[in-house]
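**Q** Mind having a look at this structure? Questions to follow.
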Amino acid sequence: MFHLTHLPHQEPGEKVILFLRRHWFIAARLAAVYAVLAMVPIAVRWFLGQVDPGFLVHPVGRPVLLLAGSVYYLFWWLMLYRHFLDYYLDLWIVTDRRILNIEQNDLFNRVISEQRISRIQDVTSTQRGMAPTFLDYGEVHVQTAAEVERFVFEQVPHPHQVARQINTLVEWKRHQHLS
Amino acid sequence: MKFMTIPLFSVLIIYFIFLAGFVVFGIFNVYHALRFGMASLTNIISLAAFVAGALMIVGLTAPIIVDTDWRQPLFVIGSVARSEIGEELP
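Chains as they are written, first to last, in the numbering used here: chain Z, 1 to 179; chain R, 1001 to 1090.
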């Protein structure tokens, strides 16, 4: 596990300004999907009870059905946790020196990108859709001197404020260099 | 008359194969949470909940496994020779 005081390649005296994850609504949406999926074996059991009640108490049918339900719920639980980790392990950290983009794309597929604040050229925030507008979450695009845009803060809360804060930090860094 | 009986414990074997797969991927998930997750209460609680939930599902399945007679036939494959009037021939 890592601590906020021990970031990857942490520099002495480096301070964390922003620590961002995706908006809680993304996790809630995921939880709702899995809540519906949890009802599937119950619905199947009810349906079989209507069509062939004898199957539910059959000496062969009952254990087969219960084992199938057990397998379903084990994999349902596994996928729920895997998706939770996918949400939880995606991080965007802005310090007074750099920005860090930590994305867990899949199992054994983790991408960590970092860039100095002084190399940031443009910061843009976007909010598209009804839920992002009402709940105030969206994307922050950070364009650096590199050819390819590598930093996109996805579905983060208060994207306009985040963009403003990063711009302020960039300005502050520029003044620091000039002086 | 030739029969092949598929016993019920073949379903149990398939179940244990799935269970082994679950354990392997569960370990992968736990590894990721421990290695890359933050040292926070949320991470620890979610990890504990995952392990507890898995044990609960397996724990609820165990009595079914213990109480079932797995030697029963699941189904029988085979053909039965019959006479012209439909009597089963040995």
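Don't be surprised by glycine CBs; every beta carbon is placed ideally from N, CA and C. Quick caveat, the model's predicted, so the values are computed rather than measured.
How big is the Cα-Cα spacing for D106 (chain Z) and R82 (chain Z)?
**A** Within the first sequence, residue 106 (chain Z) is the residue found at index 106, counting from 1. Within the first sequence, residue 82 (chain Z) is the residue found at index 82, counting from 1. Going by the C-alpha atoms only, they are around 9 Å apart.
**Q** Closer than 6 Å by C-beta to F19 (chain Z): which residues in its own chain qualify, once you throw out the five before and the five after it? Chain order, please.
**A** What you label residue 19 (chain Z) is simply residue 19 of the first sequence in a count that begins at 1. Around F19 (chain Z): I93.
**Q** Counting only beta-carbon atoms, is Y87 (chain Z) nearer than 8 Å to chain B?
**A** Protein chains in the displayed structure are Z and R, and chain B is not among them.
**Q** Please report whether the beta-carbon of W77 (chain Z) lies at a distance below 8 Å from any beta-carbon of chain R.
**A** Here residue 77 (chain Z) corresponds to residue number 77 of the first sequence, with the count starting at 1. Yes - at least one Cβ of chain R is within 8 Å of the one on W77 (chain Z).
**Q** When we look at the beta-carbon of Q104 (chain Z) and count the other beta-carbons within 10 Å, is it buried (16 or more) or exposed?
**A** Against the first sequence, residue 104 (chain Z) aligns to sequence position 104. Answer is buried; the Cβ neighbour count reaches 16.
**Q** Using the Cα positions of I117 (chain Z) and L178 (chain Z), report the straight-line distance between them to the nearest angstrom.
**A** Mapped onto the first sequence, residue 117 (chain Z) falls at position 117. Mapped onto the first sequence, residue 178 (chain Z) falls at position 178. Those two C-alpha atoms are separated by around 15 Å.
**Q** For a quick check, are the C-beta atoms of L1074 (chain R) and I1006 (chain R) less than 8 Å apart?
**A** In the second sequence, the residue the question calls residue 1074 (chain R) occupies position 74. In the second sequence, the residue the question calls residue 1006 (chain R) occupies position 6. Contact flag set, yes.
**Q** For V40 (chain Z), which residues of its own chain have a beta-carbon under 8 Å away from its beta-carbon, when the five flanking residues on both sides are left out?
**A** Along the first sequence, read from residue 1 onward, the residue named residue 40 (chain Z) stands at position 40. If we look at V40 (chain Z) and ignore the five residues flanking it on each side, its Cβ neighbours are Y72.
**Q** Quick one: what does DSSP say T95 (chain Z) is sitting in, helix, strand or coil?
**A** Position 95 of the first sequence, counted from the first residue, corresponds to residue 95 (chain Z). It is a strand residue.
**Q** Mind checking if Q104 (chain Z) is an interface residue toward chain R, Cβ cutoff 8 Å exclusive?
**A** By 1-based counting over the first sequence, the position of residue 104 (chain Z) is 104. Taking Cβ atoms only, chain R reaches closer than 8 Å to Q104 (chain Z), which makes this a yes.
**Q** So which residues of chain R does L74 (chain Z) contact, with C-beta pairs closer than 8 Å?
**A** Translated into the one-based positions of the first sequence, residue 74 (chain Z) becomes position 74. Going along chain R in sequence order, the residues near L74 (chain Z) (Cβ under 8 Å) are F1018, L1019, F1022, A1054, I1057, V1058.
**Q** What separation, rounded to the nearest whole angstrom, lies between the Cα atoms of L7 (chain Z) and N167 (chain Z)?
**A** Locating residue 7 (chain Z) in the first sequence gives position 7, counting from the first residue. Locating residue 167 (chain Z) in the first sequence gives position 167, counting from the first residue. Their backbone Cα atoms lie some 22 Å apart in a straight line.
**Q** In chain Z, which residues lie with their C-beta within 7 Å of the C-beta of T1068 (chain R)?
**A** By one-based count along the second sequence, residue 1068 (chain R) stands at place 68. What T1068 (chain R) touches in chain Z: P63.
**Q** Which same chain residues, not among the five before or five after E114 (chain Z), have their C-beta less than 6 Å away from its C-beta?
**A** In the first sequence, the residue the question calls residue 114 (chain Z) occupies position 114. The answer, listed in chain order, is R98, L100.
**Q** Which residues of chain R have a Cβ atom closer than 8 Å to the Cβ of L56 (chain Z), listed in chain order?
**A** As a working mapping, residue 56 (chain Z) is identified with position 56 in the first sequence. In chain order: nothing, as chain R lies at least about 13 Å away.
**Q** Is the CB-CB distance between R22 (chain Z) and E154 (chain Z) below 8 Å?
**A** Sequence index remark: in the first sequence, residue 22 (chain Z) carries index 22 (1-based). Sequence index remark: in the first sequence, residue 154 (chain Z) carries index 154 (1-based). In contact: R22 (chain Z) and E154 (chain Z) (Cβ atoms closer than 8 Å).
**Q** Report buried or exposed for D90 (chain Z), applying the criterion of at least 16 other Cβ atoms within 10 angstroms of its Cβ.
**A** Within the first sequence, the letter at position 90 stands for residue 90 (chain Z). When all chains shown are included, D90 (chain Z) counts as buried.
**Q** To which residues does DSSP link I120 (chain Z) through a beta bridge?
**A** Indexing the first sequence from 1 puts residue 120 (chain Z) at position 120. In the DSSP output, where bridge partners are listed per residue, I120 (chain Z) has Z:T144.
**Q** What would DSSP say about V1005 (chain R), mapped onto helix, strand or coil?
**A** Here residue 1005 (chain R) refers to the residue found at position 5 of the second sequence. The sequence as given places Thr at residue 1005 (chain R); Val does not occur at that position. Strand, per DSSP.
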